[in-house]
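Reading the sequence shown from the start, the letters are residues 1 to 278 in the numbering used here.
A short write-up of the structure that comes next.
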Amino acid sequence: MFALRTAAARAMPALAMRTVAIPKTVVSPALIARVGSVSTLRSFSNTPFAWSKTDKELITVLESEIKHEEEQGEDIPDYITNYLKSSPFKITDKAGSDEVILTRKFGNEDIKIVFSVSDINSADDEEELDLDDLEDDGQQPNQSLSASGEEEEEGDDLDSLTFPVRCLITISKPNAGSISVDAIAQDGTFIVESISNIRDNVLANASTAESDWEKRGLYSGPPFAELDEDLQITFEKYLEERQIDNELASFVPNYVFHKDQVEYTNWLQELKSFVSAK
Numbered sequence: 001m002f003a004l005r006t007a008a009a010r011a012m013p014a015l016a017m018r019t020v021a022i023p024k025t026v027v028s029p030a031l032i033a034r035v036g037s038v039s040t041l042r043s044f045s046n047t048p049f050a051w052s053k054t055d056k057e058l059i060t061v062l063e064s065e066i067k068h069e070e071e072q073g074e075d076i077p078d079y080i081t082n083y084l085k086s087s088p089f090k091i092t093d094k095a096g097s098d099e100v101i102l103t104r105k106f107g108n109e110d111i112k113i114v115f116s117v118s119d120i121n122s123a124d125d126e127e128e129l130d131l132d133d134l135e136d137d138g139q140q141p142n143q144s145l146s147a148s149g150e151e152e153e154e155g156d157d158l159d160s161l162t163f164p165v166r167c168l169i170t171i172s173k174p175n176a177g178s179i180s181v182d183a184i185a186q187d188g189t190f191i192v193e194s195i196s197n198i199r200d201n202v203l204a205n206a207s208t209a210e211s212d213w214e215k216r217g218l219y220s221g222p223p224f225a226e227l228d229e230d231l232q233i234t235f236e237k238y239l240e241e242r243q244i245d246n247e248l249a250s251f252v253p254n255y256v257f258h259k260d261q262v263e264y265t266n267w268l269q270e271l272k273s274f275v276s277a278k
């Protein structure tokens, strides 16, 4: 048996022995650099955030400004509180919103008055121009000339502050549409600019960009100042009967001034919170 196995073994052709080469992993320099950069980024992301010198300076300035505004600020002034107590208008004033809305019922009418805080910014620009004119005339700011030519000191109380605030007055009736009155509250009076008739109450009271664009395309009538004088006087009485009067025209700029101070302080605090966040 052993002899047969040996003979068979001799008869089989010899098997070639092959060596299997295991490929070597070649790492390119670019890959090494990439891995190194990723490692660096991961290490950096784990590093605690630190304010820069500029961050610290900005935070300090913001804190100082906030403190100043809070010291100068006050609760809702008495003249605003007193007016709202005696007025039929209800006020809608959302924090962070640029618009203020006054609403009331008058018989079967719904009255809405919308005005914006941003009008105080244009008033500041006009005031700067007025101050420049005064300096060119040799006058000091906060001084005016009386009829006799003598200089008079202007008071710093809020009652002496006056600047134009644009108001959109909408008066609506069920199934009768609305009228939209563009007016400006200034110097304790309303200056009516135009009156539009809007048949759709939904459109009249909407405040979207699309509705604003659609309302701009409506005929707004002739300029109010060009209407017959009797018509102007009678329409102004029509507004006054609904207490859209001189008292309201004085209230609007003063409320804008107060709200602007409140919103500015909140804006400073939110900005500081963002810069301080880690």
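All C-beta atoms, glycine included, are put in the ideal place defined by N, C-alpha and C.
What are the partner residues of Phe115, as DSSP defines its beta bridges? DSSP output for Phe115 lists Val100, Cys167 as bridge partner(s).
When the Cα atoms are used, what is the spatial distance from Gln186 to Lys278? Approximately 46 Å between the Cα atoms of the pair.
Go ahead and label Asn254 buried or exposed: buried means 16 or more other beta carbons lie within 10 angstroms of its beta carbon, across all protein chains shown. Around the Cβ of Asn254, a 10 Å sphere holds 16 or more other Cβ atoms; the residue is buried.
Given a threshold of 16 other Cβ atoms within 10 Å of its Cβ, counted over all protein chains shown, does Val117 qualify as buried or as exposed? Burial check for Val117: the Cβ neighbour count within 10 Å reaches 16 or more, so the residue is buried.
Is there at least one non-hydrogen atom of the ligand FMN closer than 8 Å to the beta-carbon of Glu214? Absence of the ligand FMN is noted for the structure shown, with no ligands found whatsoever.
Range covered by the alpha helix (DSSP H) that runs through Ser87: Segment: none, Ser87 is in no alpha helix (DSSP H) and carries neither H nor E.
9 Å Cβ cutoff met for Glu109 and Thr265: No.
Tell me whether the beta-carbon of Ile179 lies closer than 9 Å to the beta-carbon of Ile191. Not in contact: Ile179 and Ile191 (Cβ atoms no closer than 9 Å).
Mapping the DSSP letters down to three states, classify Ala14 as helix, strand or coil. Any reading at Ala14 must be qualified, since the residue scores a pLDDT of 48, below 50, and its modelled position is unreliable; the value itself is stated next. Reduced to three states, the DSSP call for Ala14 is coil.
Own chain, CB closer than 7 Å to Leu84, minus 5 neighbours either side, in chain order: Contacts found: Ile91.
So Leu168 and Ser196 are supposed to be a Cβ contact under 8 Å. How far apart are they, rounded? No, Leu168 and Ser196 are not in contact; Cβ-Cβ is about 10 Å, not under 8 Å.
Here's a check: name, in chain order, each residue in its chain whose Cβ is nearer than 7 Å to the Cβ of Gly107, leaving out the five neighbours to either side. For Gly107, same chain residues with a beta-carbon under 7 Å away, outside a window of 5 residues either side, do not exist.
Environment of Lys94 [buried if 16+ CB atoms lie within 10 Å]: In summary, Lys94 is exposed, with fewer than 16 beta-carbon neighbours lying within 10 Å of its beta-carbon over all protein chains present.
Using a Cβ-Cβ cutoff of less than 8 Å, which residues in the same chain neighbour Glu63 once the five nearest sequence positions on both sides are dropped? These residues qualify, in order along the chain: Lys272.
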